[in-house]
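Residue numbers (the numbering used here), protein chains in the order written: chain X, 31 to 181; chain W, 881 to 1415.
Virtual Cβ for every residue (Gly too), placed ideally from N, Cα, C.
All values derive from a computational prediction rather than experimental measurement.
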């Protein structure tokens, strides 16, 4: 495997030395491009109190291509499907090499605080979020309690 | 004059009196007399110190000699003759004039030397002129009475100013001038540190068509009208716009006085007042291969600049030199490696833009507005294979945006510009395939078949490159084969193979049995029978 680019080393170093509050990202022992991520559910959101596991992978042409990120913990969210795939513009066409791992994870955390049912990835969840928000939030809380706590 | 050259060369040896003396006199004496002078100086010293320093000096001068001894230069005159001479880079322009004047039948005093838009003054050393092997210097006889271009009255040119000449262009310009349009601050900024001075010296990067790669470039000037290099500028370019755009800097052409406007003798006042001034045309040469003549120009890659401010790369964070500065308001910087990677990634994903004015191009990777690269030669930084791909994609995009179609036949891809209301397209000059413009299948009569919809099951909006997904299908290989060897029935689109016989086809499908022509992919007619029944 090719040598790890300096940028990835620097980003990893900074993530370790100055971690983002509420986010932990640790590179895999065998693959420095694969990160084990834990994001805490933001306060005042249905995900509060939950610890959400994600995986993040830096493809070969990172930072020219966006990192690949996926939720491993099940989550009830209109922009995250049942396989954990995330609908977030900066992970697709709005990606820019000026963005970093930390900015991506912060955006994901922000997405948890502000779901966007008009740009859904999980259609059924989005539908409910629009029709009956209180029930959707109840579901989200229930899923958080069931899948994202005590693990 | 700067002595930074000699300082750099001497920096490895310990300083001593002789060296310092040699250093300070180097710029004042021609080489031979300097050597003599050093020898005589050395005689006064005794013992080891003398022999060591002498040897050092010998090494130094010897080294200097091998690099510099023969600078083979062409001297062009405005009378049309060309002279080939070998000059010593340590000569001053005064020495050059003394050397060549007799050969041209002139006195050294009545001659001026023009190079890169400047008349060189007598005190300039050739080595400081950014000359390469086989460069061309222009020798022009000074006229006694000349008109000042800015003044309409008959007035004598100030002889003093004319004779003084100036420094070569490469010594006058600095990179600071070129990075911004407001150059006043940088001009007044005095740079004391020699290192800083060296860094702020002007650097140009070009794509050299001869070396086929990114090289250092040299700025040259010629007359916009007659293309002669015997041309002096009235003012120095202050920024890239002055260099890249035509008709911004005026000058004096010495080549064909009868033709180039500034030298028109007293014609009627009307013409003189309304005439267009003579403009300078700036161009670039590769500084790394021997000049192949005056037409041996190279494209300036002006977005590549020396990293004089130590800006880290937007993508990798490293500070490297030179760097690519995007034409966005913020001037985002990437290193050249990241620029290449950015281009190749975007190219692979077909994310380049087809811009109506600039062509197939990219903007700043930080998604800034109005940041398109307007000089598409910057993409020559890609590998030759990638550049080929870039050109192919650019052409395809151009064809499509001009309302054309690309032949859908695997392995063909010919671009076809057809009548806007004609849906039956024949790949003329290509593979000869006849297809429907709307569905890109073999030509047919009636409505297009709705394409097979791949099973889109609700949540499956995951972003997959459709071409990759298409290539990865198990059945695709045989499907391609069928496409290549068959043509669809124009009526029911059943793929049909013709394995011999005439061009008159009858659809094999029960219930269709349509009679059609293999060549036209239309109903079989008497004309088909007459023209190409048997091919």
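query, result
"Tell me the start and end of each unbroken alpha helix (DSSP H) in the region 1252-1324 of chain W that is at least 4 residues and wholly inside, in chain order.", "1264-1281"
"What separation, rounded to the nearest whole angstrom, lies between the Cα atoms of residue 1129 of chain W and residue 1209 of chain W?", "26 Å"
"Grab me the residues of residue 1098 of chain W's own chain with a C-beta within less than 6 Å of its C-beta, minus the 5 sequence neighbours each way, in chain order.", "1010, 1165, 1167"
"If you measure beta-carbon to beta-carbon, which residues of the region 62-96 of chain X are closer than 7 Å to chain C?", "The structure shown contains no chain C; the protein chains it does contain are X and W."
"Answer yes if the region 64-77 of chain X comes into contact with the region 127-145 of chain X, meaning at least three C-beta pairs across the two stretches below 8 Å, and no otherwise.", "yes"
"Quick one: what does DSSP say residue 179 of chain X is sitting in, helix, strand or coil?", "coil"
"Name the chain W residues whose beta carbon is nearer than 7 Å to that of residue 137 of chain X?", "Those do not exist, as residue 137 of chain X stays about 15 Å from chain W at its closest Cβ, beyond 7 Å."
"Using a Cβ cut-off of 9 Å (strictly closer), state whether residue 126 of chain X contacts chain W.", "yes"
"Using a Cβ-Cβ cut-off of 8 Å (strictly less than) and excluding sequence neighbours within five positions of residue 1187 of chain W, which residues of its own chain qualify?", "1199, 1200, 1201, 1202, 1203, 1213"
"First and last residue of the alpha helix (DSSP H) that includes residue 982 of chain W?", "973-984"
"Just to confirm before moving on: does the CB-CB distance between residue 1159 of chain W and residue 1205 of chain W stay below 9 Å?", "no"
"Taking residue 1197 of chain W as the query, report the chain X residues whose CB atoms sit under 9 Å from its CB, ordered along the chain.", "36, 37, 40, 41"
"Name the DSSP beta bridge partners of residue 110 of chain X, please?", "X/107, X/116"
"For residue 945 of chain W, which three-state DSSP category applies?", "Residue placement at residue 945 of chain W is flagged as unreliable, the pLDDT there being 43, under the threshold of 50; a coordinate-derived value is accordingly withheld."
"Which complete beta strand (DSSP E) runs does the region 36-91 of chain X hold, if anything under 3 residues is left out?", "53-57, 64-70, 81-87"
"Since I believe residue 82 of chain X is in contact with residue 101 of chain X (beta carbons under 8 Å), could you give me their beta-carbon distance rounded to a whole number of angstroms?", "6 Å"
"Measure the alpha-carbon distance for residue 1059 of chain W versus residue 1113 of chain W and round it to whole angstroms.", "Low confidence applies to residue 1059 of chain W: its pLDDT is 47, below 50, so where it sits in the model is not reliable, and the reading given next is rough at best. Whole-angstrom Cα-Cα distance: 21 Å."
"Taking all protein chains shown into account, decide if residue 970 of chain W is buried (16 or more other Cβ within 10 angstroms of its Cβ) or exposed.", "buried"
"Would you please verify whether the beta carbon of residue 1221 of chain W is less than 9 Å from any beta carbon of chain X?", "yes"
"With DSSP as the reference, please indicate the residues paired to residue 1163 of chain W in a beta bridge.", "W/1100"
"In chain order, what residues of the same chain lie with their CB nearer than 8 Å to the CB of residue 1183 of chain W, ignoring the 5 residues before and after it?", "1204, 1205, 1206, 1207, 1253, 1255, 1258"
"For residue 1378 of chain W, collect the residues of the same chain with a Cβ closer than 6 Å to its Cβ; drop the 5 residues on either side in sequence, then sort them by chain order.", "1398"
"Using beta-carbon positions only, say whether residue 1401 of chain W and residue 1375 of chain W come within less than 9 Å of one another.", "no"
"When the Cα atoms are used, what is the spatial distance from residue 1118 of chain W to residue 1163 of chain W?", "15 Å"
"Under 9 Å, Cβ to Cβ, is there at least one residue of chain X near residue 1242 of chain W?", "no"
"Roughly how far, in whole angstroms, is the beta-carbon of residue 1274 of chain W from the beta-carbon of residue 1326 of chain W, given that I think they are within contact range, below 8 Å?", "In fact, because the Cβ distance is near 36 Å, the residues do not count as touching under 8 Å."
"For residue 1218 of chain W and chain X, any beta-carbon pair shorter than 9 Å?", "yes"
"Look at residue 103 of chain X and residue 170 of chain X and say whether their C-beta atoms are less than 9 Å apart.", "no"
"Just list the residues that DSSP pairs residue 1436 of chain W with in beta bridges.", "No statement about residue 1436 of chain W is possible, as the shown extent of chain W runs from 881 to 1415 and does not include it."
"How would you call residue 1121 of chain W, buried or exposed, if buried means at least 16 neighbouring beta carbons within 10 angstroms?", "exposed"
"Report the three-state DSSP secondary structure of residue 1226 of chain W (helix, strand or coil).", "helix"
"Using the three-state DSSP reduction, which class does residue 1362 of chain W fall into: helix, strand or coil?", "helix"
"Between residue 1107 of chain W and residue 1048 of chain W, is the Cβ-Cβ spacing less than 9 Å?", "no"
"Looking at the C-beta of residue 1230 of chain W, does it have a partner C-beta in chain X at a distance below 9 Å?", "no"
"Rounded to a whole number of angstroms, what is the C-alpha to C-alpha distance between residue 70 of chain X and residue 54 of chain X?", "9 Å"
"For residue 114 of chain X, collect the residues of the same chain with a Cβ closer than 7 Å to its Cβ; drop the 5 residues on either side in sequence, then sort them by chain order.", "100, 101, 102"
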